[in-house]
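J.: Quick one: this structure, given as structure tokens, is what I'll be asking you about.
Residue numbers (UniProt numbering), protein chains in the order written: chain P, 1 to 177; chain D, 1 to 468.
So, in structure tokens, the structure goes:
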């Protein structure tokens, strides 16, 4: 789920940037530093949408660096247990398949794939129903439900299921192409 | 249950909230009642039960027990795979049907990133076998591995395939560090443009890992042909980044190996390779490797390969004094090299395994038996006398060459009589050696047996003369 929130961060800036572009430098460094990172509490920081305020700088003794407290608005993405997500399949193997929803990697084990879908090895490994009407392979889009999440410093990893009503393939690259 | 939370989340989600504290507070509240989303908050995971209890209470309070029952059961079903503990601790024996109980108890068949792959619960258990090559944090319980293998075997046999585990170095290719390239072979590095096409297309300079790699002649044809008969794994004692780099050279299209690349760090025992990390039934696995000792428990699956030494450093490493192929500016013969002959063997084994004439159950067939039978035919009809090979204090049946020849189907004699076909000797001065020459028997060096083992056919005897 996405949230638009305000976060705060103390930014250290090298004295060489002190000039009329100070604010721009601060913002571009902030973007470089935080976009794409994860925190357990807020999830994945997708993008900074604006700067709320830049506080008073504090000169660090000895180094000349200055610390600015910056409040910024950003869009964060955090998956929740029980949430329904749409994701793109990245890898299929006999254990199950991996899918990605933006920065989040999700694994769906074959225990949580409907029983009538069987693994087919070959050039393009896939899970297919016995009548061949539904197929999950690389690049397929699936709707799945999150049943477990784990947030690390740089990635969010989830366990998902498609063994439930209204879950499963929503588009098949084979038929769409 | 989960859906309820979702809707509550969307209803009052702080999309326009201007304070992160507010959001954090909201999240905390949500987490208290919802889930153990991450380790930081995992201590609060118990919260879920409370909410459910409330749910039940209101249901009972209505007095409509039936509706509350069905509602609860529905919740259980939705949630059955999600959180087994909460329903156990709910304390409502009369209402929990057998079916939902069965759903609730999860055996945790595997763990990925600290979560059960089936129920999503946090699992601290470090048991089972790690399958780091499939995903860095994956562990599977022994039962699950057995289940996957069983399922996989049916699937494989239906597609008339077996499993082939391939070693990299000295089997499919030869690599050297750039720093170890000798002066005599530096032309490979410096005069790349003038190399013949056949060599250039199989020679790779990988600056970012400081290596130069030469693929064994015939390897592309080999992989193409073998992929139609086998599901293939790479299993190397090299490091993972190296293994992946090599897989890319061998399989640029990514169609042969997919995620089936096993490196040193994936082995469960140090300095050993094992089929325990291969998700395939041992009775359907063949291994191609140039080193026998690493396959302690699986020698019966192993087809030993003649080592491919292209670079000088590789020869030196194995103590070979002769000039390397690179220095001689030559290479293994494409059509008669080790890979071509082993491909024939593999095709033969595959044919015998899936022979429609065989009456037995296909699920019970064992490729190791087939391998043994095929191997026994190599020196079939050869009756061997050893002379000057086996030390006098050694029990002949236990000697390396005796055992090897026996595996290849040869029979033995102690005296040179009518039926004997070959005299294997290190020395042409022994009585039996002279007798062999007199009676026009083949007199060969013991390497003849080793060559037969590698070539999978009786090698020409005249190439293995016995020197004095």
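Every residue gets a Cβ at the ideal spot worked out from N, C-alpha and C, and that includes glycine.
For residue 322 of chain D, decide whether its Cβ has a neighbour in chain P, counting only Cβ atoms nearer than 8 Å.
T.: Cβ-Cβ to chain P under 8 Å: no for residue 322 of chain D.
J.: Does the separation of the CB atoms of residue 453 of chain D and residue 325 of chain D fall below 8 Å?
T.: No, Cβ-Cβ distance for residue 453 of chain D and residue 325 of chain D is not below 8 Å.
J.: Which one of D:416, D:339, D:381 has the shortest CA to CA distance from residue 406 of chain D?
T.: Of the listed residues, the one whose Cα sits closest to residue 406 of chain D is D:381.
J.: Check this for me: beta carbons of residue 106 of chain P and residue 74 of chain P, under 8 Å apart or not?
T.: Against a cut-off of 8 Å, the Cβ pair of residue 74 of chain P and residue 106 of chain P comes out as no contact.
J.: What are the start and end residues of the alpha helix (DSSP H) that includes residue 126 of chain D?
T.: Premise fails: residue 126 of chain D is in no alpha helix (DSSP H) and is neither H nor E.
J.: Which residues in chain P sit within 7 Å of residue 231 of chain D, going by Cβ to Cβ distance?
T.: Within chain P, the residues near residue 231 of chain D are 121.
J.: Please report whether the beta-carbon of residue 174 of chain D lies at a distance below 8 Å from any beta-carbon of chain P.
T.: So no, residue 174 of chain D is outside the interface.
J.: For the beta strand (DSSP E) holding residue 9 of chain P, just list the boundary residues, first then last.
T.: Where residue 9 of chain P is concerned, the enclosing beta strand (DSSP E) stretches over 2-13.
J.: By the 9 Å beta-carbon criterion, what residues does the segment 272-290 of chain D contribute toward chain P?
T.: Result list: 279.
J.: Pairing CB atoms from the segment 270-287 of chain D with CB atoms from the segment 361-375 of chain D, are three or more of them under 8 Å?
T.: Verdict: yes, contact present.
J.: Within the 8 Å Cβ cut-off, does residue 147 of chain P reach chain D?
T.: Yes - at least one Cβ of chain D is within 8 Å of the one on residue 147 of chain P.
J.: Is it a yes or a no for the segment 177-197 of chain D touching the segment 139-156 of chain P, going by three-plus beta-carbon pairs under 8 Å?
T.: Flag = no, the segment 177-197 of chain D and the segment 139-156 of chain P do not touch.
J.: Tell me, please, whether the segment 41-51 of chain P touches the segment 113-125 of chain P by the rule of three or more beta-carbon pairs shorter than 8 Å.
T.: No, they do not touch.
J.: Would residue 256 of chain D and residue 171 of chain D qualify as a contact pair, given that the criterion is a beta-carbon distance under 8 Å?
T.: Not in contact: residue 256 of chain D and residue 171 of chain D (Cβ atoms no closer than 8 Å).
J.: Just list the residues that DSSP pairs residue 426 of chain D with in beta bridges.
T.: The partner list for residue 426 of chain D (beta bridge, DSSP) is empty, contrary to what the question assumes.
J.: Taking only three categories from DSSP, how would you classify residue 464 of chain D?
T.: Residue 464 of chain D: coil per DSSP, three-state reduction.
J.: Could you tell me the alpha carbon to alpha carbon distance between residue 123 of chain D and residue 112 of chain D, rounded to whole angstroms?
T.: So the alpha carbons of these two residues sit roughly 9 Å apart.
J.: Name, please, each residue of chain P whose Cβ falls closer than 7 Å to the Cβ of residue 115 of chain D.
T.: By Cβ distance, chain P contributes 148, 150, 159.
J.: Is residue 36 of chain P buried or exposed, if buried means 16 or more other CB atoms sit within 10 Å of its CB?
T.: Counting Cβ neighbours within 10 Å, residue 36 of chain P comes out exposed, since fewer than 16 surround it.
J.: Which residue wins for smallest C-alpha separation from residue 83 of chain P, given the options P:55, P:2, P:64?
T.: The candidate whose alpha carbon is nearest that of residue 83 of chain P is P:2.
J.: Report the start-end ranges of each alpha helix (DSSP H) in the segment 304-337 of chain D that is 4 residues or longer and not cut off at the edges.
T.: Whole alpha helix (DSSP H) segments, 4+ residues: 312-317.
J.: Please tell me whether residue 25 of chain P has its Cβ less than 8 Å away from any Cβ of chain D.
T.: Cβ-Cβ to chain D under 8 Å: no for residue 25 of chain P.
J.: At a Cβ cut of 9 Å, what residues of the segment 117-133 of chain D count as close to chain P, listed as they run along the chain?
T.: The residues in question are 117, 118, 119, 120, 121, 122, 131.
J.: Going straight from the alpha carbon of residue 29 of chain P to that of residue 67 of chain P, what length do you get?
T.: Spanning the two alpha carbons is a distance of roughly 13 Å.
J.: Taking its Cβ as the centre, do 16 or more other Cβ atoms sit within 10 Å of residue 214 of chain D, making it buried, or is it exposed?
T.: Counting Cβ neighbours within 10 Å, residue 214 of chain D comes out buried, since at least 16 surround it.
J.: Roughly how many whole angstroms lie between the Cα atoms of residue 437 of chain D and residue 416 of chain D?
T.: Each residue's alpha carbon lies about 11 Å from the other.
J.: Are there 16 or more other CB atoms within 10 angstroms of the CB of residue 398 of chain D, so buried, or fewer, so exposed?
T.: Counting Cβ neighbours within 10 Å, residue 398 of chain D comes out exposed, since fewer than 16 surround it.
J.: Taking residue 233 of chain D as the reference, give the member of D:250, D:455, D:218, D:217 with the closest Cα.
T.: It is D:250.
J.: Tell me the rounded alpha-carbon separation between residue 446 of chain D and residue 429 of chain D.
T.: Spanning the two alpha carbons is a distance of roughly 15 Å.
J.: Could you tell me which of D:391, D:457, D:461 sits nearest to residue 423 of chain D, measuring between CA atoms?
T.: The option with the nearest alpha carbon to residue 423 of chain D is D:461.
J.: Rounded to whole angstroms, what's the CA-CA distance from residue 262 of chain D to residue 167 of chain D? Just pull it up for me.
T.: Distance between the alpha carbons of residue 262 of chain D and residue 167 of chain D is about 10 Å.
J.: Look up residue 158 of chain P in the DSSP assignment and give the residues it is bridged to.
T.: Looking at the DSSP assignment, residue 158 of chain P forms a beta bridge with P:106, P:149.
J.: On the three-state DSSP scale, how would you describe residue 60 of chain P?
T.: In this structure, residue 60 of chain P counts as coil in the three-state DSSP scheme.
J.: Starting from residue 385 of chain D and walking both ways along the alpha helix (DSSP H), at which residues does that stretch end?
T.: Counting along the chain, residue 385 of chain D falls outside any alpha helix (DSSP H), though it belongs to the beta strand (DSSP E) covering 383-387.
J.: Can you check the segment 334-361 of chain D for any alpha helix (DSSP H) of at least 4 residues that lies completely inside it and give the ranges in chain order?
T.: The qualifying runs are 338-353.
J.: Closer than 9 Å by beta-carbon distance: list the chain P residues that pair up with residue 109 of chain D, in chain order.
T.: Within 9 Å Cβ-Cβ: 109, 111.
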